[in-house]
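Note sheet for the following structure.
In UniProt numbering, the protein residues as written are 1 to 279.
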């Protein structure tokens, strides 16, 4: 089976847990994928609308979100290359949220009928698709915990750790650095905080030497400290040991003073000069 093909990302994703047979791999290769380049900020699926196809992320990022109080929104998940962003629409075609591109993205659309036919012919593929659906549910559950029980600093740190692990599982971010075209507003909407609060936390992370966070690239400088401060444990992602051994599980010690240092940082109570930065 050739690598570098549109279906390769999906195959890599489905085989994280169990190797598929030659026949199953061919079924995935034969799926009628339609490749489309999407610009930034374009809805792929809109709340309340039905769809007859699933969306595979080949390059770039998507995010799901729901409106809150008019023009406000809550981001409920990010999707990275290799994710099928709307696999649940196989059986729930009318979505209760919207899915939008976060920066330019390359997507592959596959008809529900083709996916169902492949799954009907293979128990292994059916199980693989179910796992993907359940893993997305596990991520959503962790996001609920993140929003309900962690402070703003831990929320952002947790999401950064999660994205790093998920990107590594897709063969990216091996050097703890990845391009992410999100804005300060996107970060705030994912964490349920204000833009100003998100800006303060990002400044704080920079000050503590945890990350280099520029306009479009994030580089983690202290993985272990970021995990601890974000209360991050990747068990909910359910990645197999063969992938987890490549995770960045070593690094520097946590910042001296831990959370106490966060409270005494000169950035803890505001950004110097009232400056605002786009992350």
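The C-beta atom is built at its ideal place from N, Cα and C for all residues, glycine as well.
Within its own chain, the residues whose Cβ lies closer than 6 Å to the Cβ of residue 195, once the five positions on either side in sequence are excluded, are 184, 185 and 188, listed in chain order. For residue 99, the enclosing beta strand (DSSP E) stretches over residues 98-111. With the rule of 3 Cβ pairs closer than 8 Å, the region 124-131 does not count as touching the region 31-38. Residue 235 and residue 4 have their C-alpha atoms some 29 Å from each other. For residue 182, there is no enclosing alpha helix (DSSP H), since its DSSP letter is neither H nor E.
Under the three-state reduction of DSSP output, residue 203 falls in the helix class. Taking 8 Å as the cut-off, the beta carbon of residue 143 is found closer than this to the beta carbon of residue 77. By alpha-carbon distance to residue 158, the top candidate from 14, 223 and 120 is 223. Put simply, the backbone Cα of residue 168 is about 12 Å away from that of residue 160. Non-local beta-carbon contacts of residue 177 in its own chain, meaning distances under 6 Å to residues more than five positions away in sequence, involve 219 in chain order. In the assembly as shown, residue 239 is a buried residue. Its beta-carbon has 16 or more other beta-carbons within 10 Å. By the Cβ rule, the region 42-54 counts as touching the region 108-118, because three or more pairs are nearer than 8 Å. In the three-state scheme derived from DSSP, where H, G and I count as helix and E and B as strand, residue 165 is classed as helix. The Cβ-Cβ distance between residue 75 and residue 152 does not fall below 8 Å.
For residue 63, there is no enclosing alpha helix (DSSP H); the enclosing beta strand (DSSP E) has its first and last residue at 53-68. Judged by DSSP secondary structure, residue 228 falls within the alpha helix (DSSP H) whose first and last residues are 223-229. Contact annotation: residue 45 and residue 86 have beta-carbon atoms nearer than 8 Å. Here residue 10 carries a helix assignment [DSSP, helix/strand/coil]. Non-local C-beta neighbours of residue 88 in its own chain, meaning closer than 7 Å and more than five positions away in sequence, comprise 133, ordered along the chain. Per DSSP, reduced to three states, the secondary structure at residue 35 is strand. Cβ contact annotation for residue 193 (same chain, cutoff 6 Å, sequence separation greater than five): 152, in chain order.
The closest CA to that of residue 138, considering only 237, 95, 163 and 7, is found on 237. Boundaries of the beta strand (DSSP E) harbouring residue 45: 43-45, taken from the DSSP string. Beyond the five residues adjoining it in sequence on each side, residue 93 comes within less than 8 Å, by CB distance, of 50, 51, 52 and 112 in the same chain, given in chain order. In chain order, 57, 61, 163, 166, 167, 170 and 172 place their CB closer than 8 Å to the CB of residue 80, counting only its own chain and leaving out the 5 sequence neighbours on each side.
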